[in-house]
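To start, the structure itself, in structure tokens.
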Amino acid sequence: MLLDDFSFLSTKVIIIIVVERRRNNKEKLWEVMQEEWEAIHQSVLNSLIDSLPDRLRAIVAGGGGHIKW
Numbered sequence: 330m331l332l333d334d335f336s337f338l339s340t341k342v343i344i345i346i347v348v349e350r351r352r353n354n355k356e357k358l359w360e361v362m363q364e365e366w367e368a369i370h371q372s373v374l375n376s377l378i379d380s381l382p383d384r385l386r387a388i389v390a391g392g393g394g395h396i397k398w
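The numbering of the sequence shown is the numbering used here, which starts it at 330 and goes up by one.
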């Protein structure tokens with residue numbers, strides 16, 4: 330679930346940036362980004378934070394290469 334949440338957020342941010350760049354309106358982009366940030370549920374952020382130790386261990390174990398996340 331965590332990976333799905335993170336991928337969804339990344340995709341959503343990319344889409345917002347692309348759409349807003351077309352409008353070339355930095356103020357509107359900032360407004361939309363703030364709204365989207367505020368819409369992220371705290372449990373998603375907590376899950377990402379809680380997963381950091383495992384992610385770091387995986388990076389170290391993998392010699393700094395790619396990991397499953």
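Note that the Cβ used here is the ideal one computed from N, Cα and C, for glycine as well.
- For a cut-off of 8 Å, the C-beta gap from Lys397 to Ala390 is around 11 Å, too long to register as a contact.
- Pro382 and Glu360 have their C-alpha atoms some 32 Å from each other.
- 8 Å or more divides the Cβ of Glu367 from the Cβ of Lys341.
- Per DSSP, reduced to three states, the secondary structure at Ile344 is helical.
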